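Take the sequence shown: its position 168, counted from the start at 1, is 327 in this note's numbering, and no numbers get skipped.
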Amino acid sequence: MTQLTQQPTTLHLDVSGEQFRMDSEEVRTARATHWYARTDWGIAVLSYEDSSFLLKHPLLTQGSAKWPAQHGVVDGHFDRWWQKTLLVLEGGEHNRIRRLVNPAFSPRRIEPLHARFQSLADSLVDEWIEDGRTEFASRFAAPYATRILCMILGIDEHDWKKIHELASTIGLGLGITIQENIAQIDEAIVELTQYAELLVRSRRESPKNDILSALVEARDEDAGKLSDQELINLIILLIFAGIDTTRNQLALAVESFAKQPDQWEKLAEDLQRYSARAVEEALRVNPIGRWISREAAETFQHKERTIEKGTTVHLFTMTSATDPAEFDNPDRIDLDAERSPHFAFGGGLHHCLGHFVARADIGVALSTMATRMTDLRVGEGAEWLPDSGNTGANKLPITFTPRP
């Protein structure tokens, strides 16, 4: 008789529970117990070593395509858009689209916009700096993230409130409450599709020096390589992902630095030295994307675990990037520490397309705030999204002292 490989005893994490938190003692215990834990949707990889290895594993494909179906959403505008987004495509289709659009997001295209990022950040802070308090999510993070996206795509910044509302609604599709919100999510997809179609027509008639024009040009010069529908899907993804991620990541970064005033002061004293490091540390200890999903294309063995074909594998970004086996004082921001790379932007073939943009605009925002305010604190009444998939703040009251 063939002896079956005995699987180890591992803990179960209820990742869909309202009380579930990545920084909980429950998750820390699971990580200390074993390199993975069980969930209702496959396994959760908790260690840095195993996350780093599996992110690049050739038999693990993008696992997010099944997310809507896992929550009872099997048709509709969101589901049809989601199944064709760059986030979930694989193989030649993914590589073809990514190759066509990569040049539009190069540092060469982003760097000339830094001065406009800075001007926007200062103008937003000017509105409330003398008050000593503000609601950060709505008074800075939302307009900043949305108006930067408008700058990059060449959209009229006066449209930012409507675009932000649509992007936030689509963002609900990545949360565990997707089914109860699917009607309004579908409506947002329809409206943003119509908006994207207008933008494409506008750029065809009057090209500009912006990313949107570059994408339309890539579509028209490489006829047959990028369809009109792929172009529209991509624009919706850029609007949604560019706004939702930056807005929420800024709130998470402010929360983290408020807990460590010494590091906030260090950043303020030497922006040139610490600005880029501040972004990386904020992304490491408190990323918006709490996990990255993959799916086993074939059965394979990793360490003692047989990962069967079709198994969903969640790589816990926050848990792996605060793994004490890899990092000293892992839960703390340390702007002087030499750290291993984090996974806030994913990894492998699906590494985030817009990471240069995100690093630039988050860096400008944090540096601007650090030089203009001290005694940063999170006030009463903060409202956080669930800690599943993507997270962030609906409300983030902060108090501070304006710097002289």
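Backbone N, C-alpha and C fix where the C-beta goes; we use that ideal spot for every residue, glycine too.
Being a predicted model, the structure only gives us computed values, none of them experimental.
Within 10 angstroms of the Cβ of residue 549, are there 16 or more other Cβ atoms? Answer buried if so, exposed if not. buried
Go ahead and pull the three-state DSSP assignment for residue 504. coil
Starting from residue 219, trace the beta strand (DSSP E) both ways and give me its first and last residue. 219-221
Select from 324, 208, 451 the residue whose C-alpha is nearest the C-alpha of residue 221. 451
Looking at residue 368 and residue 412, is the spacing between their C-beta atoms short of 8 Å? At least 8 Å separates the beta-carbon of residue 412 from that of residue 368.
Using a threshold of 7 Å, is the CB atom of residue 433 nearer than that to any non-hydrogen atom of the ligand SAM? Within the structure as shown, the ligand SAM is missing, as the structure has no ligands at all.
How about residue 328 and residue 343: are their beta carbons less than 8 Å apart? yes
Please list, in chain order, all residues of the same chain as residue 237 whose beta carbon is under 6 Å from its beta carbon, the five residues on each side excluded. 332, 344, 345, 348
Taking the CB atoms as reference points, tell me whether residue 288 and residue 531 lie closer together than 8 Å. yes
Taking the alpha helix (DSSP H) that residue 327 falls in, what are its first and last residues? Going by DSSP, residue 327 is part of the alpha helix (DSSP H) stretching over 319-330.
Buried/exposed call for residue 188, threshold 16 Cβ in 10 Å: exposed
Run the CB neighbour count on residue 176, radius 10 Å, all protein chains shown included, and call it buried at 16 or more, exposed below. It counts as exposed.
Does residue 262 come out as helix, strand or coil in the three-state DSSP assignment? helix
Could you give the uninterrupted runs of the beta strand (DSSP E) lying entirely in the region 179-212, keeping only those of 3 residues or more? 195-198, 201-204
C-beta contact flag for residue 562 and residue 527 at 8 Å: no
First and last residue of the uninterrupted alpha helix (DSSP H) at residue 425: Segment 420-428, the alpha helix (DSSP H) holding residue 425.
Quick check on the DSSP output: the alpha helix (DSSP H) that includes residue 227 runs from which residue to which? 226-229
In this structure, how does DSSP classify residue 447 when only helix, strand and coil are distinguished? coil
Rounding to the nearest angstrom, what Cα-Cα distance links residue 469 and residue 419 in this structure? Spanning the two alpha carbons is a distance of roughly 42 Å.
So, are the CB atoms of residue 172 and residue 191 less than 8 Å apart? no
Using the Cα positions of residue 616 and residue 494, report the straight-line distance between them to the nearest angstrom. Within the shown structure, residues of the chain are numbered from 160 to 563, placing residue 616 beyond reach of any answer.
Helix, strand or coil for residue 467 per DSSP? coil
Classify residue 404: buried if its beta carbon has 16 or more other beta carbons within 10 angstroms, exposed otherwise. Around the beta-carbon of residue 404, 16 or more other beta-carbon atoms lie within 10 Å, marking it buried.
Proximity to residue 361 [Cα-Cα], best of 351, 492, 402, 313: Checking every option, the nearest Cα to that of residue 361 belongs to 313.
Can the beta-carbon of residue 443 be found less than 8 Å from the beta-carbon of residue 514? no
Proximity to residue 298 [Cα-Cα], best of 291, 283, 210: Sorting 291, 283, 210 by C-alpha distance to the C-alpha of residue 298 places 283 at the top.
Do the region 470-478 and the region 198-213 meet, that is, are 3 or more Cβ pairs less than 8 Å apart? yes
If you check the beta carbons only, do residue 491 and residue 438 fall under 8 Å apart? no
From the DSSP output, which residues share a beta bridge with residue 561? 532
CB-CB under 7 Å to residue 231, same chain, minus the five flanking residues each way: which ones, in chain order? 338
Presumed contact (8 Å Cβ cut-off) between residue 356 and residue 402, rounded CB distance: Not quite, the Cβ-Cβ distance comes to about 19 Å (not below 8 Å), so this is no contact.
Any idea if residue 243 is buried or exposed, counting beta-carbon neighbours within 10 angstroms, 16 or more meaning buried? buried
I need the straight-line Cα distance from residue 508 to residue 259, nearest angstrom please. Distance from the CA atom of residue 508 to the CA atom of residue 259, rounded to whole angstroms, is 15 Å.
By the three-class DSSP mapping on this structure, what secondary structure does residue 475 have? Strand, per DSSP.
Given residue 416, which residues of its chain have a CB within under 6 Å of its CB, disregarding the five upstream and five downstream residues? 423
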